[in-house]
Amino acid sequence: MERSKNKKILLSLILCIPFVFGGFITNESMVPSFKMTKIVLDAGHGGKDPGNLGSRSKEKDINLAVTLLVGKYIKENLPDVEVIYTRDDDSFPALKDRPMIANNNKAHLFVSIHSNSAANKSAFGTETFVMGTKHFDANFDIVKRENSVILLEDNYEENYEGFDPSSPESYMMFNLMSKVHFENSVTLADNVETQFRDRVGRKSRGVKQGPFYVLWTPSMPSVLVELGFLSNSNEERFLMSQEGKEYMASAIYRSIRDYKESIEKN
């Protein structure tokens, strides 16, 4: 009799377990899927910093025009995504403030848009950088050039804690950067270069790594896009044209769209 009673009590306890602990059991259908809803677009340089100079163009102007077009295409085709600009006019945000805008707004993506230059006038092609120090020596000239914008800022020595963009030793601190967003950054960068090469017909110089200050502090996947070389007369002409700006902007938009679709599936 006692044994039968104990069995009934045990059975009752077993039947109660799903109700008692049900709220603690993971149900994948109940976990909200990730949505990319906020992007920061950064038009490199601006204001008193013209960036690279072509024979007839200033980098800051081309960067801004393409960046605004990317934002326009995103707003038209991805209405669930909020676009935030680090600048939407000829202003001069400090280098450290650009990724800070992304961090403060809890953005899901940071895309910095630039135009290249080289002493070799025949150099041409696009390239997209992610944060990293691989092949640092080979990419040092462009890294130094992009980071040297801090020298135009007031109190830069204090604001950047003695960081010297022309000193290779200063870049030792970049080895401490977090790897958490590296893979997604590379995925986006590869999307960008694929679009430039396959859809716009530009020469792609590939995805590269560089210790850019603007890519060091964002707490989200981040890339720095080089649209082409203003030192090359043919590329400068293309990037100055409205058609060229629209082609490059639409390629960047499509790469963001494809990246959004891929990460929201996972």
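Quick note, the sequence shown lines up with residues -2 to 263 if you use our numbering. Where is the CB? At the ideal position from N, CA and C, for every residue including glycine.
- Contact check for Thr123 against Arg199 passes: the beta carbons are separated by less than 7 Å.
- Less than 7 Å separates the beta-carbon of Asp77 from that of Thr34.
- Ile260 is not a Cβ neighbour of Val67, given a cutoff of 7 Å.
- The beta carbons of Ile81 and Val37 sit closer together than 7 Å.
- Runs of the beta strand (DSSP E) lying entirely within the segment 92 to 126 and spanning at least 3 residues, in chain order: 106 to 113.
- If you check the CB distance, Ala246 and Val63 come in under 7 Å.
- Of the candidates Ser114, Ser216, Gln206, the residue whose Cα lies closest to the Cα of Glu56 is Ser114.
- About 25 Å separates the beta carbon of Met217 from that of Ile59, a gap too long to meet the 8 Å contact definition.
- In the three-state reduction of the DSSP assignment, Lys200 falls in the coil class.
- Between the segment 42 to 51 and the segment 224 to 232 there are three or more inter-stretch CB-CB distances shorter than 8 Å, so the stretches are counted as touching.
- With contacts defined as CB atoms closer than 7 Å, Asp46 and Phe107 fail to qualify as a contacting pair.
- Residue range 179 to 195 is occupied by the alpha helix (DSSP H) that includes Val183.
- As DSSP reads the structure, Tyr82 sits in a beta bridge with Leu38.
- The alpha carbon of Val189 has as its nearest neighbour, out of Ser201, His178, Phe179, the alpha carbon of Ser201.
- In the three-state DSSP reduction, Gly48 falls in the coil class, being neither helix nor strand.
- Beyond the five residues adjoining it in sequence on each side, Ser119 comes within less than 8 Å, by CB distance, of Asn229 in the same chain, given in chain order.
- Between the alpha carbons of Ser112 and Lys262 lies a gap of roughly 33 Å.
- Secondary-structure assignment with DSSP links Gln239 through no beta bridge to anything.
- Here Val177 is exposed: its Cβ has fewer than 16 other Cβ atoms, across all protein chains shown, within 10 Å.
- In this structure, Pro208 keeps its C-beta atom at 7 Å or more from the C-beta atom of Ala99.
- Inclusion of Ser109 and Leu221 in the CB contact set at 7 Å is warranted, their separation being smaller than that value.
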